[in-house]
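In terms of the numbering used here, the sequence shown opens at residue 184 and continues consecutively. C-beta: ideal position from N, C-alpha, C; glycine also.
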Amino acid sequence: MASKKDVVLIGVTPLTDRDELGRGAYGRIYAVKYCETICAAKEIHSILVEGVGEAEKRHIIESFLRECRQCSTLRHPNVIQFIGVYYPTKMGVANAGMRLPVMVMEMMADSLTSFVDKHQKIP
């Protein structure tokens with residue numbers, strides 16, 4: 184499994200209302216504050232690791248951390264900026280009991296679906 188040294192660990196402040204920004208089969212996105220900036224945080228659905236063996240849980244977490252490492256290498260004006268990873272505390276975080284990593288990234292002004300709908304002629 185990847186060590187914490189493999190990714191940039193940061194401290195963030197979850198927003199009190201934790202409005203969900205998006206959801207998919209793998210996880211959900213919600214808002215957090217990092218250095219006084221509102222950012223997007225992607226967490227793994229805790230159900231993916233509940234009731235599975237330790238090896239499967241490690242595989243799921245390693246896969247997520249691999250995604251984080253890959254995102255950390257991307258630099259382009261049209262790619263959302265990766266900021267870092269944090270491990271939530273028990274206060275107000277659904278997956279805190281399992282200490283799953285959470286990816287923090289730049290907040291988009293719009294959802295990807297809305298953006299594509301507005302800009303039908305994307306090259």
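Residue i and residue j closer than 7 angstroms at C-beta
i: Met288; j: Ile266; result: yes
i: Val299; j: Leu192; result: no
i: Val232; j: Ile221; result: no
i: Arg211; j: Glu203; result: yes
i: Val307; j: Tyr209; result: The first residue shown for the chain is 184 and the last is 306, placing residue 307 beyond what the model contains.
i: Ala224; j: Val262; result: no
i: Ile230; j: Phe247; result: no
Residue i versus the options, residue with shortest Cα-Cα distance
i: Ala272; options: Leu283, Glu239, Arg206 and Ile263; result: The residue asked about is misnamed: residue 272 is Thr in this sequence, not Ala. Residue Leu283 is the option with its Cα nearest to Thr272.
i: Gly205; options: Val235, Lys301, Thr256 and Ser294; result: Ser294
N-terminal and C-terminal residue of the beta strand (DSSP E) that residue i is part of
i: Ala214; result: Gly210 to Tyr217
i: Leu204; result: Glu203 to Arg206
i: Val262; result: From DSSP, Val262 is part of no beta strand (DSSP E); its letter is neither H nor E.
i: Met291; result: Careful: Met291 lies outside any beta strand (DSSP E) and carries neither H nor E.
Backbone secondary structure at residue i - three-state DSSP
i: Arg241; result: helix
i: Ile230; result: helix
i: Thr132; result: Any property of residue 132 remains undetermined from this structure, which presents the chain solely from 184 to 306.
i: Lys304; result: coil
i: Cys251; result: helix
Beta-bridge pairing of residue i - partner residues as DSSP gives them
i: Leu192; result: Val268
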